[in-house]
Amino acid sequence: MPMEKTFNAAEAEPRIYAEWEKADAFAAGANAAPGAETFCIMLPPPNVTGFLHAGHAFNHTLMDILVRWHRMRGHDTLWQPGLDHAGIATQLVVERELARTQQPGRRELGREKFLEKVHEWKERSGGMIVQQDKRLGASMDWSREAFTMDGQFHDAVIRVFVDMYDKGMIYRGKRLVNWDPHFETAISDLEVEQVEVDGHMWRLRYQLENGETFEYVEKDEDGNETLRETRDYITVATTRPETMLGDTGVAVHPDDARYAHLIGKTVRLPLVGRSIPIVADSYADPTKGTGAVKITPAHDFNDWEVGKRAELRAINVMNPDASMWLKDNPAFAEGCDAKALANVVQMLDGVDRYEARDAIVTAARDDGWLDGIDTDRHAVPHGDRSKVAIEPYLTDQWFVDTAKIVGPALDAVRNGETKIIPESGEKVYYHWLENIEPWCISRQLWWGHRIPVWYGPTLTDGAIDADAGWTAFCAPTQDEAFAKMAEYYGHEDLKVVTDQREAEELLIAAIGEVRDEGAIRTPEAPTALPVYRDPDVLDTWFSSGLWPIGTLGWPQPNEAYEKYFPTDVLVTGQDILFFWVARMMMMQYAVVGQKPFHTVYLHGLVRDEKGVKMSKVLGNVIDPIELIEEYGADALRFANCAMAALGGTLKLSRDNIKGYRNFGTKLWNAFRFAEMNGVFEGRTGSATIPAPQATVNKWIVGETAKVREEVDAALEAYRFNDAASALYGFVWGVVCDWYLELAKPLFNSDDEAAIAETRETMAWVLDQCLILMHPIMPFITEELWGQTATRNKMLVHAEWPTYTARDLVDAGADAEMNWVIGMIEAVRSVRGEMNVPAGMKVPLLQLELDDAGRNAFARNESLILRLARIDSVTEAESAPKGAATIPVTGGTFALPLADIIDVGAEKARLEKQLQKLGKELGGLKGRLSNPKFVESAPEEVVEETRELARDKEAEEVRLKAALERLAEVG
RNA sequence: GGGUGAUUAGCUCAGUGGUAGAGCGCUUCGUUCACAUCGAAGAUGUCGGGAGUUCGAAUCUCUCAUCACCCA
């Protein structure tokens, strides 16, 4: 049955993918040669609630190319798939879903029930991306699919937390953190986005106490005094007036003469009447505003530092939802005027931060301590998920002491143990790691790995000390934590309660009982000690930081881990270099003391064809599944591969994809041509390299070897675009444009041996095209592989070739074919420019020609006649009147077409060519006549230049002769 | 403010010291027996400006301009 006219991607792709799966073609180690080296790639785990977007499609295509390439080379290959539980994002999605379907909310449901809902949701709509990946053709080992919340991985994460805790790399502390008031959780620095907003700078007057004053001076740009007055207040400026309730100081620069005598004095905080000191700190910038800044240590990172240096109190004045917390807030009340306090509590307690801001500004205006308002454009930190302004917030959180684990991660890149490409990524990596901050890893969420820490009452001198807070016991399981507690308390009579509050209530009651007995608590005492588990979960990136070892079954001893770790290449977006790559580096070294991978390939964001970030708002999102449906997965993959220049911007355009779909059709039709010429009759897919006689066949074998080397070199260097363009150029520009055309006369001849040889060679060449193209375009190549021979293996496991140009290029055939192709192009060019009708066969005159040319012509006459559409060749001394001249290497031909050729046009054509030639020749001669060039340039460059100049000179002579003849005629 | 990168044909981009390229688009011609999702031919560049290093610079250095992204 003859082949279809085009490849039917929609029909073939699912069928072929199913065949691969049925054959377990992607299983770890499939097609591995005995004792082969390993190759392992970890899929950056997509969000479990996610779907395949253009960025995934790109990222996954590159990995699939590498993986398929290694697998075909017989390496022991594993592409490890899996999904990330994506804590905050997933919790958000499920909460929205509950609200949308009018179900009870998270808090109403309670932790356990809510988590059931999350799991339900995950089962229902999670993992959609897996199905989509299959449509893309991704060859992951699905049998090993991992999930960050699954049992074994979960246990590994907990185990690492415990290890790092025991090693002192993790600690808990009351710190200022980035607080997301929407989700009511801490987030890390990296999850904060700076957003430029048009806002205001409010100037507030704080009254100096004890009758102090100072000289306030204003100057213009030239330093001339414009204002001088004596003031009994200090003006501070702020973009967040509501934080003034937590002010505990005013800072001025130590060198600021205006305020020197005020340092140590106090001001009275408006509204609350708190007396706060004026302190010296170089954080205050004398050139900005009035040079005095209010200090709110509990609500600003800079102020926190100032507060530490000046020993100022930190007063938290907000609730977790960023409403004001004033009532029942002892720290706030301390030092306040009782009446003022009552008023401000009445006015602002529980009020949202922005409403409080307005109310405070209004009060300041009414009471006369508003100095003024300036418009001000400034950056406001926002939560990257919630999009609300974050608050610096003072809470107890868990931190990774990054300073302790950053060293090996830095060293690994510095000494080349792990390479980041493109290299610019390394600079960015150093810059971040060299200035790394502690990493806040606790999140006040429910969906995630719950921190494996239990708290029990603290003992002082063997007695329970209710004032000493709670003691942490870190262990992988509750049983192990209990064992630790048993050691600490001397008994295991413990009662697990839900939270700290309940534990405190029970403890106070218990101590009451114990105290009644007039003794410290003893093991025999009747009341169990209340203990509770830390309610927080770990940052999602903490778990994904363990992705390499966790997916390989660590810490259980197992073959996969032994074999594939450290893994080989990480392919990921440069936007998560810090979030993920740097943390994996730090954590793998911290936990198992080895690098996670030897190469990190970073790529940019996939953008639309104009280079604009895709976003729902702009409506320029390109859905890869839609593209696959329209053009086929292979076309999308080839487009992805072709745009993957190192460090380049990734612009995805439908026109390009369409072009690569056409490329697939071109390949398909080359096979159709071969089939029609009996190339595949009785084929068994022998991999034997042919040793043909005909020049054309010898030549194409050499060309194939060249492209094999190019593709391997490109992939070796992660230059995906080079691999794509080498293959595109070879398949279309060499095989289709030339080899198939040149083979036509051979197939049409009576020479049975030549026909057989050409069939054999073409079958081999086309097989090589399939093999070399397969990593990029797996579907169409697999289909053609199956249709054109009876094979013992699918293409996915075909043997990748290793022949070299050195072995297979026949220099003679190479030179001869280049001459023939040049000759044909020269004739076509003249025909085209002289407007010789395309279908018209014309006579050719051979004027002068050297031996090499004569040989090449004679040996390929039928090809030349056919492809240049020549009907006869005659040798002649000179060209007749009205002939067009065709200079070739080593000689001159002419087309005697007096009635077609316009002498004027031919003259113009020759002159134009001569002019171009003259320019080139000028450059070449200029270089050669420069003694310094001949002296200092490499021998081969000089020789090349000489040769080129000789050729161009010869051509110039021929063109000039032709022009002279024309002049005689005209 | 700091960092990183970009600027090459009408468009989108390759090209890291040795004859300026590809794809798309454009113009002309073409139903030659694989393919019109095609073929043949053609036009289009002071490689952002300036300076320097070099026998030689799109490529290396400096500087200026414009733009993008990341971090404050």
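Letter by letter, the first sequence follows residues 791 to 1760 of the numbering used here.
For glycine and all other residues, C-beta sits at the position ideal for the given N, C-alpha and C.
Roughly how many angstroms lie between the CA atoms of E1754 and N1720, to the nearest whole one? Straight through space, the alpha carbons of N1720 and E1754 are spaced by roughly 32 Å.
Assuming A815 and V1586 form a contact by the criterion Cβ under 8 Å, report the distance between their Cβ atoms to the nearest whole angstrom. Contact holds; Cβ gap of about 5 Å.
L1442 versus Y1421 - alpha carbon distance: Pairing L1442 with Y1421, the inter-Cα distance amounts to about 14 Å.
According to DSSP, A968 sits in a beta bridge with which residue or residues? Checking the sequence shown, residue 968 turns out to be Asn, not Ala. Note: N968 sits in a beta bridge opposite I977 and P1182.
Please state whether DSSP places I1231 in a helix, a strand or coil. In this structure, I1231 counts as coil in the three-state DSSP scheme.
Buried or exposed: H1221, going by 16 or more other Cβ atoms within 10 Å of its Cβ? Label assigned to H1221: exposed.
Find the nearest neighbour of I831 within the set A1698, H1168, A1350 and T1664, judged by alpha-carbon distance. Selected option, being the one with the closest Cα: A1350.
Taking the Cβ atom as the reference point for each residue, do L1685 and A1673 lie within a distance shorter than 8 Å? Yes. Within cutoff.
Could you tell me which residues DSSP puts in a beta bridge with Q1558? Beta-bridge pairing links Q1558 to no other residue.
Quick one: what's F1263 bridged to in DSSP? F1263 pairs with W1244.
Extent of the continuous beta strand (DSSP E) run through G1681: Counting along the chain, the unbroken beta strand (DSSP E) around G1681 starts and ends at G1681 to P1686.
Under 8 Å, do R886 and W1236 count as touching if we go by C-beta distance? Inclusion of R886 and W1236 in the CB contact set at 8 Å is not warranted, their separation being larger than that value.
Simplified DSSP state of T1578, which is helix, strand or coil: Here DSSP, grouped into helix, strand and coil, assigns T1578 to helix.
Is it buried or exposed for E794, if we count other Cβ within 10 angstroms and need 16 for buried? Label assigned to E794: exposed.
Which residue from I1611, D1640, T1077 and G1054 puts its Cα closest to that of G1013? Nearest C-alpha to G1013 among I1611, D1640, T1077 and G1054: T1077.
Taking the alpha-carbon positions, what's the N798 to K1456 distance? It is roughly 13 Å from the alpha-carbon of N798 to the alpha-carbon of K1456.
Quick one: residues in its chain with C-beta nearer than 7 Å to the C-beta of F904, no 5 flanking neighbours on either side, listed in chain order? Cβ neighbours of F904 within its own chain (closer than 7 Å, five residues either side excluded): R896 and W1236.
Reduced DSSP secondary structure (H/G/I, E/B, other) of I1447: Residue state, collapsed to three classes: helix.
Which residues in the same chain as T1389 place their Cβ atom closer than 6 Å to its Cβ, once the five residues preceding and following it in sequence are excluded? Closer than 6 Å at the Cβ level, and outside the excluded window around T1389, lie K1209 and V1359.
Exposed or buried, what is H1051 when buried is set at 16 or more other beta-carbons lying within 10 Å of its beta-carbon? Flag for H1051 reads exposed.
DSSP state of A1757 mapped onto helix, strand, coil: Annotated three-state conformation of A1757 is helix, per DSSP.
To which residues does DSSP link G877 through a beta bridge? BP columns for G877 are empty, so no partner.
So the candidates are P792, A1752 and H843; which of them puts its Cα closest to the Cα of R1397? Out of P792, A1752 and H843, H843 has the C-alpha closest to the C-alpha of R1397.
Spatially closest choice to E1207 from D1257, M1375, P1087 and D1127, by CA coordinates: Among D1257, M1375, P1087 and D1127, the Cα nearest to that of E1207 belongs to M1375.
Please name the residue or residues paired with Q1187 in a DSSP beta bridge. Residue pairing of Q1187 in beta bridges, as defined by DSSP: G963.
What is the rounded straight-line gap between the Cα of A826 and the Cα of E1606? Distance between the alpha carbons of A826 and E1606: 41 Å.
On a CA-only basis, which of H1564, L1532 and K1055 is nearest I855? Give me that one, please. Closest in alpha carbon position to I855, among H1564, L1532 and K1055, is H1564.
Could you check the C-alpha separation between A802 and Q1346 for me, to the nearest Å? Looking at the two C-alpha atoms, the distance is approximately 41 Å.
Hey, is the segment 1571-1591 in contact with the segment 1469-1488, meaning 3+ C-beta pairs nearer than 8 Å? The answer is yes - the segment 1469-1488 touches the segment 1571-1591, with three or more Cβ pairs under 8 Å.
Quick one, which of A1727, R1717, I1676 and V1135 has its alpha-carbon nearest L1704's? L1704 has its Cα closest to that of I1676, out of A1727, R1717, I1676 and V1135.
What is the rounded straight-line gap between the Cα of H860 and the Cα of T867? Pairing H860 with T867, the inter-Cα distance amounts to about 7 Å.
Let me make sure I understand the geometry here. Which of G1712, G1215, W1554 and L1756 has the alpha-carbon closest to that of R1699? Closest by alpha carbon: L1756.
Quick check on the DSSP output: what are the complete alpha helix (DSSP H) runs of length 4 or more inside the segment 1446-1482, in order along the chain? Positions of the alpha helix (DSSP H) runs, each at least 4 residues long and wholly inside the segment 1446-1482, cannot be given because no such run exists.
By a C-beta neighbour count over all protein chains shown, 10 Å radius and 16 as the cutoff for buried, is Y1144 buried or exposed? With fewer than 16 other Cβ atoms within 10 Å, it is exposed.
Under 8 Å between the Cβ atoms of L1711 and V1626? Taking 8 Å as the Cβ cut-off, L1711 and V1626 do not qualify as a contacting pair.
Does M832 come out as helix, strand or coil in the three-state DSSP assignment? Note: M832 maps to strand in three-state DSSP.
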